[in-house]
Amino acid sequence: MSGAAWLLRRLVASVAIIFAVVTLVFVLIHIAPGEPCPSDEPVDPTVCLELKREFGLDRPLPEQYWRYLVALTHGNLGYSFSLRRPVRDALAETIPFTLQLGAAALLLDFVLGLLLGIYQASRVNRLPDLLLGNITLFVYSLPTFWLALILLLLFAERLSWFPVGGASNPIFCPTVDSLYCVADRLWHLILPAATLGLVGAAGTARFQRAAMLDVSSQDYVRTARAKGVPERQVVLRHQFRNALLSFITRFGLAFPFLLTGAVLIETIFAWPGMGRLAFNAILARDHTLVTATALIASTVVVLGNLVADILLELADPRLRVRADVTTEIVTA
Amino acid sequence: MTLGTWLALVVALVLAAETVRWLRQRALRGGRDRWRRFFKHRTTSWGVGIMAFLVILALAAPLVAPYNPNEQLGIVQLKNHAPSWTFILGTDVLSRDVWSRAVWGARVSLGIGALGALVAISLGTVVGALAGYYRRWIDPLLMRSVDVGLALPRIFILLMVVALWDGLPFAALVLAIGLTSWLGTSRLVRAEVLSLRERDFVVAARALGAGGARVIFRHVLPNAAAPIIVSAALGVGNVLLLEASLSFLGIGVAPPDPSWGNMIADGASTIYSAPWTTLFPGLAISLVVMSLNAIADGLRDALDPREEPA
Amino acid sequence: MLSAMPRRSSFIVLVILAVATLAGCERRGGCTGSNCGTLIDAAIAEPPTLLPPSTEDVVANDIGEQLFLKLADVGMSTNTVGDEDFQPLLAERWEWDGPLTLVFHLDPRARWQDGQRVSAADVGFTFDAYKDSVLGSPFRTKLRRIASVTQRDSLTAVFRFRERYPEMFYDAVYHMRVLPAHLLRSVPRDQWKTAPFGRQPVGSGPYRFVRWQSAQSIELEADSTFFLGRPGIRRLIWRFTPNLQVGVTQVIADQADVREQLVTPENVERVRAAPQLTLYPFRGNIYTYLGFNLRWSGDTSKAHPIFADREVRRALTMAVDRASLVKSALGDLGKVPPGPMSSLLWIWDSEIQQLPYDTAQAGRILNARGWRDHDGDGIRDKNGQPLTFHILVPTTSVLRRLYARLLQEQFRVIGVRAEIDELEFSVVTQRLGTGNYDTAVLSRGNDPSPGSGITQSWTRGGWGGSNFGRYYNAEFERLVDRAIAAPTKDQARGFWRGAISTINADAPAIFLYSLENIAAVHKRIDNVQIRPDSWAALLRTWRIPPDRLIDRDRVER
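Residue numbers (our numbering), protein chains in the order written: chain V, 1 to 332; chain E, 333 to 642; chain A, 643 to 1199.
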C-alpha cells in the first residue's frame, strides 16, 4: 500500500476515533442516573426546570447531540455552569499549564529513562545494572500520589527548597512576562514534573534496557558482527537505532495519562491543569466541560499515536505490522 | 499484638520463605528448563516470597490481626499513636490499629487486584483472539473499538463511571476496573494470534476439520500463553494502583472498610504528625507491585525464549 | 553518539545554571515607608463570583469586605442590639425619624472606584436587588422586616420597617453591601450570577480589584485615597489551595502570610513550631451538626420512615458521645454546643437543657419503638427494614469526613448502620436542596445575631432555603419570634432558653461542635485586629512597620 494511501487511511481512522469518543462520553454523561440541576447552588424545582430549559437539557438526547455537534463546528464548546464561564475560556487557561507539566515530565521521563536504560544495557548483568535495576523496579512500583505526598513533605515543607504547590508566585509573577518569571514557573514545575517524570523514567529505563538487549540478538546485528563491523559501531548504530523505534512506540503511548491522568498530581500540587479541571467537572456533572475535555484529550492521544506511527513508518517500513506493546504506565 | 498474632505472623513468614526455597530448589535441581530460567535472578525469588507472604497474611487475616480493623479503640487517648509493641504499625486518626487494617486491607486490595485482572485478561484474551483469528470484518471492528477505548485515559473513564453512579457496590467497582483494563491485553493477544495462525500446527488442525473455537482454545492460545501470563502478572499490579488512586480520590472502597488506597487517603491529612498511617499502606502497595513486576520479569525469561519487546 | 554526549550534557548543565542564577535574582521592588506590604492569604476554594448578593461563599465574603462597604458595621464586641456599638462606614451618621423610620446620612467623601460619588440612589438600588426574587439572594429573608428604602436626597437614605424590634439597626446595615447602581442597573437581574461584574467588581471600599487568575489567585490593591484612612497594607492576594493541608503548609513554608483558620490541633502544633508565625485565637462563628431529613429521600411528599419518629431521633442523639468526639477530633479547639449556635452568639449557655449521652437509654427507646435486632445480624430492624441510613458529607472538609466516620462507629455500637456518602460539594448542595438524602454533616456560619441564623436554618421560613430537613415546630417559632422582639436582653434570654430547649428536645439534628478559631499570621504584621464574625473585616487596619518589610512587601507593581 502506498505511503499516501496509508496516511489517508490513518487520518480518517483517527477522526473517526475522536468522533466515537466524544459520542461515547456524551451519551455516558447524559444517561447517568439522578441528573442534577445545572447549577452549583440549591435551587427550587421551578428554577431548576427553567435552567434545564435554558441549557437545552429537556430535549431528547439525539437532538441535544445534534445541536452539540453543530455548535462544535462553529467552534462553540458550550457554557460551563459549574465554572460560570464559557468552556473555551476555562480550557484555554488550563491547557498551557497542562502542556508545561506534560512536556517537563516527558522530558525528564525520556531523557533520564533512555540514559539509564542504555547504560544498564551496556553493563548488562554487572553490578551497576543490577543495582539500577532494583532501584528502577522500586520507583516504578510507587503509587505516584504517594510519592507526591512524600516529596511535598520532604522538599517543600521540611527543606523549603521548592514551593508548596501552585504554578507561580502570585506577587511577582501572576503572568509570565519576563525571564525571571519563566524561571519562577520552572521552579514551581520541578516537584510535580519530578513526581511524574521519575516514575515514568523508571519504566522507560526498564523498557529500554529490555528492548536493547532483545535487539542485540537479532539477525542483522549478528550479521553485522560477523561481517567484521567494529563492535562499537554495531552497538551504536544498530542497537540504538532499533531500540529507538521501540522508544517511539512507547512515546506515543505515554500521552494519555499526561493530559487527564495527571489528576492526582495536579490536585496535590494545586497545578491548574486540565486533569484537575476534568475531575471537578465530572464530579459536578458539568456536561459541556466533560465532553470538551474528552474531545481534547482524545484528539491529543490520537494525534500522538499518529505521529508515532508516522515516525515508525519513516524509520523502518519493515515495522509497519508491529506487535503492539502493552507496557501500560499506570500513573494517575 | 497478642502472643497468638505474633505467632501467626512468624508462621506466615516462615511458610512463605520455605515455599520459595522449596520451589527454587526443585527448579534448579532437576526441573524443566523454564523453571530454571524463572528462578535465575534473585529478585524473582524475592518477588515470589513477598507475594506469598502477603497472600498468606491476607488469607489468614483473622489470625494475624489482633483487632477488628474498623474498631475505634479509644478516640481520645489512642488517636495517632506511634508504632509500639501493642500496635506494631501504630494507630490512625480514628484510633484504629494500622496493622490490622493493613492486613484486612490486603484482602480487599489484593482481591480487587486479582479479580480485576482476571476480568481484564479474560475479556482481553477473548477479544484479541477473535480479532486475530477471524480477521475479516471482526478484526477492524474490534480493534477500532479498542482504539476508541484507549483514546481516553483509563482514569477518566473510571472516574466517569464511578462518580456518575454513586453508591456502586464493591462488585461493580471491580467489574468497572476490569472492564477498562482489558484493552492493552487484547492488542497483545491479537498480535500473538496473528503470528500463530499461519503456523503448521494450526493449519493442520483446521485441515482436520476442527472448528474455530476449538482451534483457538486448544491450539493457538496455549502457545500464546506466555505474553498473556506476563500481562496478567503486570495487570494485577496495575489494577491495584488504580484502586488505590480511586480510593485516594474518595471514590473507591467505602468507609469504614479498609483498603490500602483509602488508608493513604485517611492518613494524608496527618502525614506530618503521623506519617506511619500513610507510610505503611504506601509501602505495601509498592512491595506488591514490585514483586509482581519481578515475577513478570521472571516469567518473561522463563516462558519466552523468542525475543519480544518487553 | 556516545562521544557527542559530554558536549550535549555540558550544554544542559549550563542552561540549568543560567536558570538557577536567574531564579536567584529576586525581584527587588523599591517601596519603602509605612504603606507598603503584601499580604497573601492561603484560601481554600475559589469563590463563584464576587458580586455580594449572589453568593454566601465565605471567601467571596472576605474579599467583599475589602471591595464593598456597608452603611455601618458591628464593632469588636459584635453587639447587634441598638446602634451604639456600630461603626459608621458609608453612613457618617443616622437618626430615628419615628419608631419605624431610620434615616442615614451618607458620607459625602465616599466614592466608587471609578470616581463617581456614592449616592442614596445606590442604597435604594441595592435594597431592591437584595430583595428581588429573580435574583434569589440567600440574604433575602434576612431583610424581610424592612418595608422599603427610599432617597430623600442624594445623600440621605430612608429605611422604613414593618415592626419594632431590638435589632432593627443591625438588619438595616449588616446584610447589605452597597452596590453601584450606575454600573449594575443595565444588567438584567437573572444574569447577575454570571455577570462580568462578578469577575471584575467595582466597589467603594478600601481596596480595589486588580486581577483574578482563574483557579490561582485574586489580587486587590489599596486605595490610597480611601476616605476612612489609607489601608496599611498595599496589596492583598488570596491564593487558592486545594485543601486545608496545603494551605497550612504554605503558611508554614513562608509562602503565605495568613491562614485564618487552622481547625485541627495537628495544624496548630505545626504552626506553633514555625518561627515566623503568631497564633491569634478568636471566637468561632461556625457550628456543625448532623441534620436528619424529616422527609423521605425516595419521595419527598412522604415522611421519612426512620427520622419522622421523634423518639428515634432522640435515641440516636443520646447514642453519640459528643464530648469525646470533640476531644478526639479537635482537642481544645472545639466545644459541644448547647444548641444550634456557635460560641460567638451571646445566647450560648451551657445550662440549657440538652439530651444526655446515655447509650443504655438510647437502646431502650429504640426497643420501645420496635427497632430490635430480630435477625441477629447486629443491626436493629423493624418490619423487615433494617435501621440503616446514609450520611452525606462533602469531600471538601477533612474534619466533617472524620466526624462522619466517628459517628458511623458510635451508631454501630447501638446496632444502627450508617453508610457514608462522600460527594463533591455541588452535588451535596444539590441533593440537600431536593431533599434526596437521609442525614448530612453540615456546617453553618453564624451572623452575630442569633435571630437571623436560627430563623434561616430551623424555621418554616427556611423551607426551600437552609432548612434542608424541613423541621417545623410552632412552639419553637413562637418562642423565637418573641425572643427576637423582646425589648431587653434579659427578657430575650429567657425566650431563647425556652426555644433552644424545645429544639433540643425535638432533636432535628445532633449538634456536634462549635469551632474555636485560631488564625496563623506572619509575625511581621502589626495591629492584627480580627473581628470574630468576619476575620477580614478589619484588614485595612493591619500594618507592617517599615523596618520589618520583606521582599514580597517591597514590590512596586
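Idealized CB from N, CA, C, for every residue including glycine. It should be emphasised that the depicted structure is a prediction, and the values quoted were computed from it without experimental measurement.
Check: For residue 373 of chain E versus residue 532 of chain E, is the C-beta distance shorter than 9 Å?
Finding: Judged by their CB atoms, residue 373 of chain E and residue 532 of chain E are not nearer to each other than the 9 Å cut-off.
Item checked: Burial state of residue 312 of chain V, where buried means 16 or more other Cβ atoms lie within 10 Å -> buried
Next item on the list: For chain E, find out if any of its Cβ atoms is closer than 9 Å to the Cβ of residue 1083 of chain A; answer yes or no.
Entry: No, no contact with chain E.
Margin query: Please tell me whether residue 974 of chain A and residue 907 of chain A are closer than 9 Å, where the distance is taken between their beta carbons.
Written below: yes
Item checked: Assigned exposure category for residue 616 of chain E - 16 Cβ within 10 Å defines buried -> buried
Check: Any contact of the region 1112–1129 of chain A with the region 834–849 of chain A, i.e. 3+ C-beta pairs under 8 Å?
Finding: no
Item checked: residue 1064 of chain A, DSSP secondary structure in three states -> Residue state, collapsed to three classes: strand.
Notebook entry, point to check: Interface residues of chain V around residue 625 of chain E at Cβ under 9 Å?
Noted result: 137, 140, 141, 206
Check: When burial is assigned at 16 or more other CB atoms within 10 Å of the CB, is residue 15 of chain V buried or exposed?
Finding: exposed
Notebook entry, point to check: Listing by chain order, which chain E residues have their CB less than 7 Å from the CB of residue 145 of chain V?
Noted result: 577, 580
Margin query: Counting only Cβ pairs nearer than 9 Å, list the residues of chain A close to residue 416 of chain E.
Written below: Correct list: empty, because the minimum Cβ distance to chain A is about 19 Å.
Next item on the list: Tell me residue 753 of chain A's beta-bridge partners as DSSP assigns them.
Entry: Answer is A:759, bridged to residue 753 of chain A.
Checklist line | N- and C-terminal bounds of the alpha helix (DSSP H) containing residue 593 of chain E | finding: 592–600
Check: Would you report the Cα separation of residue 274 of chain V and residue 1114 of chain A, rounded to the nearest angstrom?
Finding: For residue 274 of chain V and residue 1114 of chain A, the distance between alpha carbons rounds to 45 Å.
Notebook entry, point to check: residue 1173 of chain A bridges to which residues according to DSSP?
Noted result: A:1176
Next item on the list: Over the uninterrupted beta strand (DSSP E) stretch that includes residue 355 of chain E, give me the two end residues.
Entry: From DSSP, residue 355 of chain E is part of no beta strand (DSSP E) but of the alpha helix (DSSP H) over 335–362.
Check: Using 9 Å as the limit for Cβ to Cβ distance, is residue 1158 of chain A near chain E?
Finding: By this cut-off, residue 1158 of chain A is not an interface position.
Item checked: Cβ-based neighbour list, residue 490 of chain E, same chain, cut-off 8 Å, excluding 5 preceding and 5 following -> Result list for residue 490 of chain E: 508, 509, 512, 574, 578, in chain order.
Next item on the list: Using the Cα positions of residue 804 of chain A and residue 743 of chain A, report the straight-line distance between them to the nearest angstrom.
Entry: One C-alpha to the other measures close to 9 Å.
Check: Can you list, in chain order, the residues of the region 864–894 of chain A whose Cβ is nearer than 8 Å to any Cβ on chain V?
Finding: Along the region 864–894 of chain A, the positions whose C-beta sits under 8 Å from a C-beta of chain V are 877, 879, 881, 882, 883, 884, 888, 891, 892, 894, read in chain order.
Item checked: Residues near residue 324 of chain V in its chain [Cβ-Cβ closer than 7 Å; skip 5 each side] -> Because residue 324 of chain V sits at a pLDDT of 36, beneath the cut-off of 50, its placement in the model cannot be relied upon, and the point is left open.
Next item on the list: Could you tell me the distance, in whole angstroms, from the CA atom of residue 197 of chain V to the CA atom of residue 104 of chain V?
Entry: Straight through space, the alpha carbons of residue 104 of chain V and residue 197 of chain V are spaced by roughly 8 Å.
Next item on the list: On a CA-only basis, which of A:726, A:770, A:688, A:810 is nearest residue 741 of chain A? Give me that one, please.
Entry: A:810
Margin query: Which same chain residues end up closer than 7 Å to residue 525 of chain E when comparing Cβ atoms and leaving out the 5 residues on each side of it in sequence?
Written below: 460, 461, 464, 465, 552, 556
Next item on the list: Consider the Cβ of residue 195 of chain V: report whether some Cβ of chain E lies at a distance smaller than 9 Å.
Entry: no
Next item on the list: With 7 Å as the C-beta to C-beta threshold (strictly closer), list the residues of the region 593–607 of chain E near chain V in chain order.
Entry: 596, 600, 603, 604
Next item on the list: Answer yes or no: does any C-beta atom of chain C fall closer than 9 Å to that of residue 471 of chain E?
Entry: This model lacks chain C altogether, as its protein chains are V, E and A.
Checklist line | Continuous alpha helix (DSSP H) stretch holding residue 471 of chain E: start and end | finding: 470–483
Note to self: Please state the DSSP three-state secondary structure of residue 554 of chain E.
What the structure shows: helix
Next item on the list: State yes or no: is the beta carbon of residue 1165 of chain A nearer than 9 Å to at least one beta carbon in chain V?
Entry: no
Note to self: Taking its Cβ as the centre, do 16 or more other Cβ atoms sit within 10 Å of residue 1164 of chain A, making it buried, or is it exposed?
What the structure shows: Looking at its Cβ environment, which holds 16 or more other Cβ atoms inside 10 Å, residue 1164 of chain A is buried.
Note to self: Taking 9 Å as the threshold (beta carbon to beta carbon), is residue 1064 of chain A in contact with chain E?
What the structure shows: yes
Notebook entry, point to check: Roughly how many angstroms lie between the CA atoms of residue 1181 of chain A and residue 1174 of chain A, to the nearest whole one?
Noted result: 13 Å
Notebook entry, point to check: Should residue 899 of chain A and residue 1160 of chain A be called a contact, given that it needs their Cβ atoms to be closer than 9 Å?
Noted result: No; because the gap between Cβ atoms is not below 9 Å, this pair is not in contact.
Item checked: Spatial distance of residue 871 of chain A from residue 580 of chain E (CA atoms) -> 49 Å
Next item on the list: Determine the contact status of residue 821 of chain A and residue 767 of chain A, defining contact as a CB-CB distance below 9 Å.
Entry: The answer is yes: Cβ separation under 9 Å.
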